[in-house]
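One structure is given here, and the rest of the page talks about it.
2 protein chains.
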Amino acid sequence: MRNLLLTISFDGSAYHGWQVQENAVTVQQTLQDAWEKVCRSRDNVIGCSRTDAGVHANMYCCNFRTENEISCDKLIHALNANLPDDIAVSDCREVPYEFHARYDCKSKEYIYKIWNKPEKNPFLYKYSLHYKYPLDEKFLDSQAKQFIGKYDYSAFCAAGSSVEDMVRNVTDAEVTRDGDIVIFRVRADGFLYNMVRIMTGTLIEISAGKIMPDTIKEIIVSVDRSRAGATARPEGLFLNKIFY
Amino acid sequence: MRNLLLTISFDGSAYHGWQVQENAVTVQQTLQDAWEKVCRSRDNVIGCSRTDAGVHANMYCCNFRTENEISCDKLIHALNANLPDDIAVSDCREVPYEFHARYDCKSKEYIYKIWNKPEKNPFLYKYSLHYKYPLDEKFLDSQAKQFIGKYDYSAFCAAGSSVEDMVRNVTDAEVTRDGDIVIFRVRADGFLYNMVRIMTGTLIEISAGKIMPDTIKEIIVSVDRSRAGATARPEGLFLNKIFY
Chain G
2 MRNLLLTISF
12 DGSAYHGWQV
22 QENAVTVQQT
32 LQDAWEKVCR
42 SRDNVIGCSR
52 TDAGVHANMY
62 CCNFRTENEI
72 SCDKLIHALN
82 ANLPDDIAVS
92 DCREVPYEFH
102 ARYDCKSKEY
112 IYKIWNKPEK
122 NPFLYKYSLH
132 YKYPLDEKFL
142 DSQAKQFIGK
152 YDYSAFCAAG
162 SSVEDMVRNV
172 TDAEVTRDGD
182 IVIFRVRADG
192 FLYNMVRIMT
202 GTLIEISAGK
212 IMPDTIKEII
222 VSVDRSRAGA
232 TARPEGLFLN
242 KIFY
Chain F
2 MRNLLLTISF
12 DGSAYHGWQV
22 QENAVTVQQT
32 LQDAWEKVCR
42 SRDNVIGCSR
52 TDAGVHANMY
62 CCNFRTENEI
72 SCDKLIHALN
82 ANLPDDIAVS
92 DCREVPYEFH
102 ARYDCKSKEY
112 IYKIWNKPEK
122 NPFLYKYSLH
132 YKYPLDEKFL
142 DSQAKQFIGK
152 YDYSAFCAAG
162 SSVEDMVRNV
172 TDAEVTRDGD
182 IVIFRVRADG
192 FLYNMVRIMT
202 GTLIEISAGK
212 IMPDTIKEII
222 VSVDRSRAGA
232 TARPEGLFLN
242 KIFY
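Going down the list, the sequences are from chains G and F.
Be aware that the first sequence starts at 2, since it is given in the working numbering, and climbs by one per residue.
Be aware that the second sequence starts at 2, since it is given in the working numbering, and climbs by one per residue.
What follows is the structure, given as structure tokens:
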């Protein structure tokens, strides 16, 4: 039996996230359907992460354990032909049988895009948060840097999470600007439920003066969700890189 | 009575083009509906151009003749609030009563985007043509330059056009590359039905070896639609600038 690691990307606009659920179209379901058409077998797929409805992926990894013997190149081609336009397979390779897309993931990088202009952008409303007031990316970068470190991130986790260990090691965080788009990029060994969206909301509220500057460490150690900012909308969030 | 010139942009994916038609959602209809809500009057709007279903506009101009006295700044704000996210109003200004968005247009610029990589791009399928084989943008630029001049462009007009005068003056044409995106940009005093999409299809067929290089002038003077390339799909086309 082979174990195949697939790298895909997707526009999450039309999907209720990665994970299969009843009465909703998900990326996992759509990929499994294409796989079944191509391989004529219903093999189980393991994703590197759950993603929320509307969240996108520039890079997402998952593995299939399969008896199927179609070559990796042919699988890429056939899956792409059987997937809708908003999901693309870019790589397929054989990995050891024990490899697990979620458990073996060393770290992940997310980016969050903010369209930072008073005017609407009709091409970016599904791919960004629209924030009309000026954002100072250098100031926000200095604030984002305060996320770096190994902490209990409970204050940045949505209610309803079933995870017990809330400690995450954030190794990189930055805010940059590309024209009218402000980008928050963050890398960690793992993320809690809605963590990046709450981090983004907190940065925006610091910019707006609703949260005091230089208080991110305080908010973290408070382990108090109510002290962090609101959860930013999912459309601006992209899973950007997966590290094994 | 005031005459107001509006500048808008739109993602054409969800629309059957600009022009009002029965049983189809169009940009004009959607804009007129928002106008009626804001101004409580059903004023006629004149667009600078018809656009096909799926075609986008980075810039589109239209004028309303209206008894309404709401200030331009308030109109921009109120229209944006009442328009869907895929249509944005960026400017509104008073113009002389005689001004006509279509007749007074001196020239227009279109761009056509081609995603030029073997892999699909799940974020660009509604905003580009996917062409898998390598395109040489310098060679294609030298071919595109052959469109420049004042000619009867019948060979680059879709059948069914009711226009009588097929002469158009193309003043600028170029092909450039931005990473994996190849962009064809063309400016003229006016365009025939499907003209830019047929020009793009012709450039692609030259690249593919289906049409001989350096034959664009010949194809133009043949006034024979069958000698030009196929009509490229609408999704890659953007009305980019309007000059008055």
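Here a beta-carbon is modelled for each residue, glycine too, at the ideal position from N, C-alpha and C.
Output the distance between the C-alpha atoms of Lys146 of chain G and Phe124 of chain F, rounded to the nearest integer angstrom. By one-based count along the first sequence, residue 146 of chain G stands at place 145. By one-based count along the second sequence, residue 124 of chain F stands at place 123. Straight-line Cα distance between these residues: approximately 29 Å.
Residue ranges of each beta strand (DSSP E) within the stretch 172–199 of chain F, 3 or longer: 182–189
Per-residue DSSP class, three states only, for Leu76 of chain F: In the second sequence, the residue the question calls residue 76 of chain F occupies position 75. Helix, per DSSP.
Taking the alpha helix (DSSP H) that Asp142 of chain G falls in, what are its first and last residues? For the purposes of this step, residue 142 of chain G is taken as residue 141 along the first sequence, with counting starting at 1. Element bounds for Asp142 of chain G: 138–145.
Could one say the Cβ of Lys121 of chain F lies closer than 8 Å to chain G's Cβ atoms, at least one of them? By 1-based counting over the second sequence, the position of residue 121 of chain F is 120. Between Lys121 of chain F and chain G, the shortest Cβ-Cβ separation is below 8 Å.
Return the Cβ separation of Phe157 of chain G and Ile199 of chain G in integer angstroms, given the expectation that the two are a contact with Cβ distance under 8 Å. As a working mapping, residue 157 of chain G is identified with position 156 in the first sequence. As a working mapping, residue 199 of chain G is identified with position 198 in the first sequence. Indeed they touch by this definition, with Cβ atoms about 5 Å apart.
Considering only residues of the same chain and omitting the five flanking positions on each side of Tyr152 of chain G, which have a CB-CB separation below 6 Å? On the first sequence, residue 152 of chain G is found 151 positions in, with the first residue counted as 1. Ile221, listed in sequence order.
Can you name the start and end residues of the alpha helix (DSSP H) that Glu110 of chain G belongs to? Within the first sequence, numbered from 1, the residue matching residue 110 of chain G stands at position 109. From DSSP, Glu110 of chain G is part of no alpha helix (DSSP H) but of the beta strand (DSSP E) over 108–116.
Under 8 Å, Cβ to Cβ, is there at least one residue of chain F near Asp105 of chain G? For this step, residue 105 of chain G is matched to residue 104 along the first sequence. Chain F contact via Cβ: absent.
Where does Val90 of chain F fall in DSSP's three states? Counting from one through the second sequence, the residue named residue 90 of chain F turns up at place 89. Val90 of chain F: strand per DSSP, three-state reduction.
Buried or exposed for Lys290 of chain F, going by 16 or more other Cβ atoms inside 10 Å? No statement about residue 290 of chain F is possible, as the shown extent of chain F runs from 2 to 245 and does not include it.
Is it right to say Tyr98 of chain G is buried, meaning 16 or more other beta carbons lie within 10 angstroms of its own, or is it exposed? Locating residue 98 of chain G in the first sequence gives position 97, counting from the first residue. Exposed, since its Cβ has fewer than 16 Cβ neighbours within 10 Å.
Between the stretch 80–97 of chain G and chain F, which residues of the former have a C-beta closer than 7 Å to a C-beta of the latter? Asn81, Asp86, Asp87, Ile88, Ala89, Ser91
Output needed for Asp53 of chain F: all residues of its chain with C-beta closer than 7 Å, excluding positions within five of it in sequence on either side, in chain order. Translated into positions along the second sequence, residue 53 of chain F becomes position 52. For Asp53 of chain F, where only same-chain residues beyond five positions count, the Cβ hits under 7 Å are Gly18, Pro235.
For the stretch 28–61 of chain G, which residues have a CB atom closer than 7 Å to at least one CB atom of chain F, in sequence order? none
Leaving aside the five residues before and after Ile1 of chain F along the sequence, list all residues of the same chain whose C-beta is less than 6 Å from its C-beta, in chain order. The question about residue 1 of chain F has no answer here: the residues shown for chain F are numbered 2 through 245.
Compute the Euclidean distance between the alpha carbons of Arg103 of chain G and Asn241 of chain G, then round it to the nearest angstrom. Here residue 103 of chain G is taken as the residue at index 102 of the first sequence, counted from 1. Here residue 241 of chain G is taken as the residue at index 240 of the first sequence, counted from 1. Approximately 15 Å, taken between the alpha carbons.
Quick check on Tyr126 of chain F - is its C-beta less than 8 Å from some C-beta in chain G? What you label residue 126 of chain F is simply residue 125 of the second sequence in a count that begins at 1. Judged by the 8 Å Cβ criterion, Tyr126 of chain F is in contact with chain G.
Three-way DSSP call (helix, strand, coil) for Gly202 of chain G in this model: For this step, residue 202 of chain G is matched to residue 201 along the first sequence. Correct three-state label for Gly202 of chain G: helix.
Which class does Leu125 of chain G belong to by DSSP, given the choice of helix, strand or coil? Within the first sequence, numbered from 1, the residue matching residue 125 of chain G stands at position 124. Correct three-state label for Leu125 of chain G: coil.
Tell whether a beta-carbon distance below 8 Å holds between Gly237 of chain F and Tyr113 of chain F. As a first step, residue 237 of chain F is located in the second sequence; it is residue number 236 there, counting from the start. As a first step, residue 113 of chain F is located in the second sequence; it is residue number 112 there, counting from the start. A contact, by the Cβ cut-off of 8 Å.
Output, in chain order, the set of chain F residues within a Cβ distance shorter than 8 Å of Val11 of chain G. The sequence position of residue 11 of chain G within the first sequence is 10, counting from 1. Note that residue 11 of chain G corresponds to Phe in the displayed sequence, not to Val. Neighbours of Phe11 of chain G on chain F, chain order: Pro123.
So the alpha helix (DSSP H) Cys40 of chain G belongs to, where does it begin and stop? Position 39 of the first sequence, counted from the first residue, corresponds to residue 40 of chain G. Its alpha helix (DSSP H) spans residues 28–40.
Straight-line gap, Val171 of chain F to Phe239 of chain F (C-alpha atoms, nearest Å): Taking the first residue of the second sequence as position 1, residue 171 of chain F is located at position 170. Taking the first residue of the second sequence as position 1, residue 239 of chain F is located at position 238. If you take the alpha carbons of Val171 of chain F and Phe239 of chain F, they lie about 17 Å apart.
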